[in-house]
Structure formats: C-alpha cells, structure tokens
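Enquirer:
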Amino acid sequence: MTTDVYDKAKRSAVMARVKSKNTTPERTLRRILTGLGVRYRLHRKDLPGNPDIVMPGRRLAIFVHGCFWHGHDCARGSRVPKANRDYWLAKVGRNVARDERSVAALRASGWRVEGVWECDLKDEAALTARLSAILDQAAASPEASAASAGGSDNT
Ligand SMILES: [Zn+2]
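Each number in our numbering corresponds to the 1-based position in the sequence shown with 5 added.
Following this line, the structure appears as structure tokens:
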C-alpha cells in the first residue's frame, strides 16, 4: 500500500497551483492597475532595485514586497522561523537595507516610489482606493498643472 495520496498528474497540478500562487500579489496589483485604466511597464532592469511596476510618464515606481522577505511590520512579516533565526533575520535585514538604497536612488533621480505589501492585497478595495489616490497625485505634476491651468474647470 502506497502512502502517496496524489498520483503523478495530480501532484504536478497541485505543484503548479502552488507555484502560480507565489506570483499572485503582483498579478493582483497589475489587474487593479489595469482596472484603473493605467498603462505601466514591468521589471525595469535599468532602474535601481528593478521595480515591479513602472509608469515612466508619471515617474512612478511601485515595488510589490513579500512581508517576510522584506521585513514588514505585520503579523506575517514578523513570523521568523525558530530554526536558523539569526540567518533569516540577517537575510531579511540585507533585503531591507537594499530596498532602502533602491528607494533613495530612485527618489534622487526624480521618481516617486510606492511600496505595496503582500498583506495589502488582502483588502483589494482599500488598495484600489489607495492606488487611485496615488495616481491622482502622480498626475498632478508641474507640467500637468500648467497644461490644465487654462482649462474650464472653474465653476
Ligand atoms: Zn505585511
């Protein structure tokens, strides 16, 4: 009697689902942005930290961070494995330091930088509202204001 609960085909289907689940935060964010009517580019390798989402016209870069790997101050982020605790803490510490350097470098060259946490994606409505506000701000650049200054918005 075998103890293997899955046959081979079923097992690979299960593994595929687990694997695709790992990319869900970024895909969810992309779906929300598309719903907001935004055009964006992915993984700009020429920018510090390789931001997950980039909107060159708005000079807006968004990072999607896993709570544990990037040291988020939330329930999921502070759940450090008991085994090799020092190792994990050091690794997360290096990630956090690298993130900070990337954000500083981007801001120094005129980019707005936003971070979206894995746990933010649990409340899609709240995240959508936040992104919408961010996009409104990003659109209100000096050029955009100047262009709309002569508009007929005065009622
Ligand atoms: Zn979190």
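Note that the Cβ used here is the ideal one computed from N, Cα and C, for glycine as well.
Just so you know, these numbers come straight off a predicted model, no measurement behind them.
(1) In chain order, what residues of the same chain lie with their CB nearer than 6 Å to the CB of isoleucine 58, ignoring the 5 residues before and after it?
(2) Please classify glycine 54: does DSSP put it in a helix, a strand, or coil?
(3) To the nearest whole angstrom, what separates the beta carbons of valine 121 and valine 69, a pair I think is in contact under 8 Å?
(4) Less than 8 Å between the CB atoms is what I'm expecting for leucine 126 and leucine 41, so what's the real figure, rounded?
(5) For glycine 4, is the beta carbon positioned less than 7 Å from some heavy atom of ligand 1?
(6) Rounded to a whole number of angstroms, what is the C-alpha to C-alpha distance between arginine 64 and glycine 115?
(7) Buried or exposed: which applies to leucine 38, given that a residue is buried once 16 or more other Cβ atoms fall within 10 Å of its Cβ?
(8) Where threonine 29 and phenylalanine 73 are concerned, what is the direct C-alpha to C-alpha distance, given to the nearest angstrom?
(9) Where lysine 26 and methionine 60 are concerned, what is the direct C-alpha to C-alpha distance, given to the nearest angstrom?
(10) Output needed for valine 108: all residues of its chain with C-beta closer than 6 Å, excluding positions within five of it in sequence on either side, in chain order.
(11) In whole angstroms, what is the alpha-carbon distance linking glutamate 123 and glycine 71?
(12) Say yes only if the C-beta of glutamate 119 is nearer than 7 Å to one or more non-hydrogen atoms of ligand 1, and no if none qualify.
(13) Quick check: the Cα distance between arginine 52 and arginine 112, rounded to an integer number of angstroms?
(14) Please tell me whether asparagine 100 and histidine 75 are closer than 8 Å, where the distance is taken between their beta carbons.
(15) Could you have a look at leucine 65 and say whether DSSP puts it in helix, strand or coil?
Expert: So, to answer that:
(1) So the list reads Tyr45 and Ile67, once near-sequence residues are dropped.
(2) DSSP, reduced to helix, strand and coil, places glycine 54 outside both helices and strands of the structure shown, so it counts as coil.
(3) Taking C-beta atoms under 8 Å as the contact rule, valine 121 and valine 69 qualify, at a distance of about 5 Å.
(4) A Cβ-Cβ distance of about 15 Å is found for the pair leucine 126 and leucine 41, leaving them out of contact under the 8 Å criterion.
(5) Within the shown structure, residues of the chain are numbered from 6 to 160, placing residue 4 beyond reach of any answer.
(6) Looking at the two C-alpha atoms, the distance is approximately 7 Å.
(7) Buried is the call here.
(8) Threonine 29 and phenylalanine 73: Cα-Cα distance of roughly 16 Å.
(9) Residue placement at lysine 26 is flagged as unreliable, the pLDDT there being 46, under the threshold of 50; the coordinate-derived value follows with that caveat. If you take the alpha carbons of lysine 26 and methionine 60, they lie about 25 Å apart.
(10) Result list for valine 108: Val118, in chain order.
(11) Between the alpha carbons of glutamate 123 and glycine 71 lies a gap of roughly 5 Å.
(12) For ligand 1, not one heavy atom lies less than 7 Å from the Cβ of glutamate 119.
(13) Per the sequence presented here, residue 52 reads as leucine, with arginine not at that position. The straight-line gap from Cα to Cα measures roughly 11 Å.
(14) Inclusion of asparagine 100 and histidine 75 in the CB contact set at 8 Å is warranted, their separation being smaller than that value.
(15) Looking at leucine 65 - three-state DSSP - the assignment turns out to be strand.
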